[in-house]
Amino acid sequence: MNNTRSRPPHDTLHAALKAAFVLDARRLAVLTALVLAIVQARSVVLYTLKNHVALSGTRAVRYQRLLRFVRFTMPDGLYTAFVLKLLPPGDLWLILDRTNWKLGKSDVNILLLSATWKSFSFPLLWILLPHGGSSAQVDRNALLARFLALRGERKVAGVLADREFVGRDWFTLLDQNGIAPCIRLQAISKLNGVPVWACFRKLQKGEVRVWHSKAEVYGVKLRVLATKNAAGEMLYLAYQGFSGPNLRRYAMRWQCENLHAALKTRGFNLEDTGLMRATRLSTLLVAVSLAFVWSCLTGEFVAARQQVKRKKHGYAEISVFRLGLDTLQDLTTSQNSA
């Protein structure tokens, strides 16, 4: 899926999708054109994309084709299997999180499972929740069960998640499938029946304190640590293994925040969509996620072949996502003007 200047972006993308998405030729053509248009316009608004999408017909005809496409329910597993092949080999670390916004008075609430990748995470599977606010354990369990049925030979090492994602049924499902949690606990979560905050009193800023032995947390035996940052905020973490690696691993949960920013204000402006029905928004999410993954891989390809400037703190001046998105936008724009 990497792009080079020797091959048009459309051909590169269409060949990659054709090998993985078993779709009618017309639908595959629209999917390819839609992903390209999202990259070029940095928008998900179908009415805007009709002016960028490389499909035949008048603007009105192109718009109707896009509307018909998002009414199509993408076969479950095609997108997930495609992205899994693009991830580096080895055990997967998943991130469970939500992203939500208001559309008028209605809530758009997406429960998203992604896999760690460099400073971002790649979206794998999602559920559109029919309400605002936190997810229920039954939603998380259903999402994970779907993914486990689709993962093929890939092993899941563990799941990173914030304190919203706790509960006995959820922790039990992870334990039953041999998946290690690296999950932040609420202060009122119980450690051997005692609120975790009461087990880690008088913690100093910067201190990391590990409970002396495995403890029962939501019905599962786990290690637990607590630490306080410079701002005085407490972190209670349930995990398996050693404290140091898990603290560093939990910091990788921020990758999903970078993903959300890329899908929204720093990339494709997902919140601008007027789509409300779960099936239609889910189909659009496939196209947006493909645009995101393609941009990241292209950015990685370009960064490996040119010097990327770094700021004083050592981080790259531009992320691989933005580098890839800018590169693809330049290529699609020059191709359309040729």
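The letter at position 247 of the sequence shown is residue 240 when you use our numbering, and the numbering goes up by one with no holes.
All C-beta atoms in this analysis are idealised placements derived from N, C-alpha and C, irrespective of residue type, glycine included.
Cross-strand partners of residue i (DSSP beta bridge)
| i | result |
| --- | --- |
| R216 | Y232 |
| E209 | K214 |
| I31 | Paired residues: none, contrary to the question. |
| D90 | L105 |
| W110 | F113 |
| G151 | W86, A173 |
| K95 | D100 |
| L10 | For L10, which the question treats as bridged, DSSP gives no partner whatsoever. |
| V201 | T220 |
| I120 | L104 |
| M227 | K221 |
Spatially closest choice to residue i from the options, by CA coordinates
| i | options | result |
| --- | --- | --- |
| T325 | R19, D17, R35 | R35 |
| T73 | S107, I103, L21, R58 | S107 |
| L274 | L218, R298, R64, A224 | R64 |
| G237 | R216, V38, E310 | R216 |
| Q233 | P68, L218, V101 | L218 |
| A244 | W86, F164, L318 | W86 |
| T220 | Q197, D100, T276, L117 | Q197 |
| Y40 | R298, T266, T66 | T266 |
| F294 | V279, S99, R315 | R315 |
| W94 | A208, A254, L184 | A254 |
| V159 | E310, R147, N222, V131 | V131 |
| K214 | W190, Q169, R246 | Q169 |
| V101 | L117, P123, W110 | P123 |
| Y246 | L143, A13, W110 | According to the sequence shown, residue 246 is Arg rather than Tyr. Residue W110 is the option with its Cα nearest to R246. |
| E146 | K78, K11, A12 | K78 |
| L143 | G70, T5, V15 | G70 |
| V210 | R242, E226, F164, E250 | F164 |
| Q179 | G186, A173, W190 | W190 |
| D323 | G292, Y56, S114, T258 | G292 |
| A154 | A297, R242, A9 | R242 |
| L118 | V279, K302, G126, C192 | V279 |
| F332 | T258, S206, A223, V187 | Since the first and last residues shown for the chain are -6 and 331, residue 332 lies out of range. |
Beta-carbon spacing of residue i, residue j below 9 Å
| i | j | result |
| --- | --- | --- |
| G212 | C175 | no |
| L240 | T92 | no |
| V281 | L263 | yes |
| L120 | L104 | According to the sequence shown, residue 120 is Ile rather than Leu. Cβ atoms of I120 and L104: closer than 9 Å. |
| V76 | V313 | no |
| D90 | V149 | no |
| E157 | S128 | yes |
| A22 | H45 | no |
| L321 | V37 | no |
| A252 | P68 | It is Leu, not Ala, that sits at residue 252 in the sequence shown. Their beta carbons are not under 9 Å apart, which means L252 does not touch P68 by this criterion. |
| V208 | L228 | Checking the sequence shown, residue 208 turns out to be Ala, not Val. No, Cβ-Cβ distance for A208 and L228 is not below 9 Å. |
| L16 | L59 | no |
| G260 | L318 | yes |
| L167 | A173 | yes |
| L283 | L10 | yes |
| V3 | A53 | This sequence places His at residue 3; Val is not what is there. No, the Cβ-Cβ distance between H3 and A53 is not below 9 Å. |
| Q248 | F113 | yes |
| T66 | T272 | yes |
Distance cut-off 8 Å: residue i Cβ against heavy atoms of the ligand ATP
| i | result |
| --- | --- |
| K195 | As far as ligands go, the structure on display features none, and thus does not contain the ligand ATP. |
Cβ neighbour criterion (16 or more within 10 Å) applied to residue i
| i | result |
| --- | --- |
| A231 | buried |
| R133 | buried |
| K43 | buried |
| F62 | buried |
| R161 | exposed |
| P81 | exposed |
| T25 | buried |
| T(-3) | Any reading at T(-3) needs caution, since the residue's pLDDT is 48, under 50, leaving its predicted position unreliable; the model's value is listed next. Exposed: under 16 other Cβ atoms inside 10 Å. |
| T51 | exposed |
| S49 | exposed |
| A12 | exposed |
| R55 | buried |
| R270 | exposed |
| S99 | exposed |
| S288 | buried |
| R19 | exposed |
| F362 | The displayed coordinates of the chain run from -6 to 331. Any statement about residue 362 would go beyond what the structure contains. |
| F14 | buried |
Test: residue i CB closer than 9 Å to a CB of chain B
| i | result |
| --- | --- |
| Q57 | The chain inventory of the structure shown lacks chain B, comprising one protein chain alone. |
Subject >> Validate contact between the segment 202 to 214 and the segment 135 to 142 using beta carbons, cut 8 Å, 3 pairs >> reply: Too few Cβ pairs lie closer than 8 Å, so no.
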